[in-house]
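Please read the structure below before turning to the comments.
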Amino acid sequence: EAQVTQNPRYLITVTGKKLTVTCSQNMNHEYMSWYRQDPGLGLRQIYYSMNVEVTDKGDVPEGYKVSRKEKRNFPLILESPSPNQTSLYFCASSTHRVVGTEAFFGQGTRLTVV
Amino acid sequence: GESVGLHLPTLSVQEGDNSIINCAYSNSASDYFIWYKQESGKGPQFIIDIRSNMDKRQGQRVTVLLNKTVKHLSLQIAATQPGDSAVYFCAETGAAGNKLTFGGGTRVLVKP
Numbered sequence: 004e005a006q007v008t009q010n011p012r013y014l015i016t017v018t019g020k021k022l023t024v025t026c027s028q029n030m031n032h033e034y035m036s037w038y039r040q041d042p043g044l045g046l047r048q049i050y051y052s053m054n055v056e057v058t059d060k061g062d063v064p065e066g067y068k069v070s071r072k073e074k075r076n077f078p079l080i081l082e083s084p085s086p087n088q089t090s091l092y093f094c095a096s097s098t099h100r101v102v103g104t105e106a107f108f109g110q111g112t113r114l115t116v117v
Numbered sequence: 010g011e012s013v014g015l016h017l018p019t020l021s022v023q024e025g026d027n028s029i030i031n032c033a034y035s036n037s038a039s040d041y042f043i044w045y046k047q048e049s050g051k052g053p054q055f056i057i058d059i060r061s062n063m064d065k066r067q068g069q070r071v072t073v074l075l076n077k078t079v080k081h082l083s084l085q086i087a088a089t090q091p092g093d094s095a096v097y098f099c100a101e102t103g104a105a106g107n108k109l110t111f112g113g114g115t116r117v118l119v120k121p
């Protein structure tokens, strides 16, 4: 089954404790991206990757890092999480050169930073 | 399920009627415009897209209309069903097609 898998689904952590949210896709997609979703602000793009070893900033990259060492995985790293990073996070992948077209999204990761 | 928005505009529709969801976009240079559906507790699901050189595109029970003059996008759902109840987002890709900017979303409630 074609899917994007995020882990964990739920995470509560403390300020400053480094964490990684994993994202994996089994569709051999070139394009992957991360979004955060907040009430009243909608979905905002954090980082994206057009292919292996190619990453770039989205609209809200501050406080986040990503890596794309292999095609199927695109982890989101929070080196020093802060409470304002409490949010619902989604990973997505697509084969289309145009981001978002025919994209598959993961189930989401609910992160709470206390 | 997860809350995706506390104060989203809401469209209440009788089952079987047609729904029209509207969206205003800001970047006149965007190449593609996309509609997503998000059900409670799930990630967004791609519905349909339209390229900027088109003004209408049809899918299964859905039609997207693009009016570049007034920067307006709409999604029409024919014969709305209970399974169509969700939050719908429009998004634009920008001129280069490598960034995605979402609209605020509209909640659709289908009444039986």
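Taken in order, these protein sequences are the chains called P and C.
The opening residue of the first sequence carries number 4 in our numbering; numbering runs sequentially from there.
The opening residue of the second sequence carries number 10 in our numbering; numbering runs sequentially from there.
Quick reminder that beta carbons are idealized off the backbone N, C-alpha and C, glycines included.
Asked: Within chain C, the residues that THR104 (chain P) reaches when beta carbons sit closer than 7 Å; Found: TYR41, ILE43, ASP58
Asked: Opposing strand residues paired with ALA95 (chain P) [DSSP bridges]; Found: P:SER36, P:PHE108
Asked: Rounded straight-line distance, which links the Cα of PHE108 (chain P) to that of GLU11 (chain C); Found: Residue placement at GLU11 (chain C) is poorly supported in this model, since its pLDDT is 37, which falls under 50; the coordinates are not used for a value here.
Asked: Min CB distance LEU109 (chain C) to chain P below 8 Å; Found: yes
Asked: C-alpha gap between PRO86 (chain P) and VAL73 (chain C), whole angstroms; Found: 39 Å
Asked: Short CB-CB distance (under 8 Å) between GLY10 (chain C) and chain P; Found: In this prediction, GLY10 (chain C) scores a pLDDT of 35, lower than 50, which makes its location untrustworthy; no coordinate-derived value is stated.
Asked: Same chain, Cβ closer than 6 Å to MET35 (chain P), five either side skipped, listed in chain order; Found: SER52, PHE77, SER96
Asked: Member of P:GLY111, P:THR16, P:GLN9, P:MET30 whose CA lies at the smallest distance from the CA of GLU105 (chain P); Found: P:MET30
Asked: At least 3 beta-carbon pairs within less than 8 Å: the stretch 38-50 of chain P vs the stretch 17-28 of chain P; Found: no
Asked: Cβ contact (3+ pairs, closer than 8 Å) linking the stretch 26-41 of chain C and the stretch 59-68 of chain P; Found: no
Asked: is_contact[GLY92 (chain C), chain P] using C-beta, thresh 8 Å; Found: no
Asked: Test: PRO18 (chain C) CB closer than 8 Å to a CB of chain P; Found: no
Asked: Helix, strand or coil at GLN48 (chain P) according to DSSP, with G and I counted as helix; Found: strand
Asked: Every unbroken beta strand (DSSP E) inside the stretch 78-115 of chain C [3 residues or more]; Found: 81-86, 95-101
Asked: Bridge-paired residues (DSSP) for ASN76 (chain P); Found: P:SER27
Asked: Residues sharing a beta bridge with GLN88 (chain P), DSSP; Found: Per DSSP, none; premise fails for GLN88 (chain P).
Asked: Interface residues of chain C facing MET30 (chain P) [CB-CB closer than 7 Å]; Found: Neighbours of MET30 (chain P) on chain C: none; closest Cβ ~13 Å, over 7 Å.
Asked: Neighbour list for GLY68 (chain C) in chain P, Cβ cutoff strictly below 8 Å; Found: Within chain P, no residue comes near GLY68 (chain C); the closest Cβ sits about 12 Å away, beyond 8 Å.
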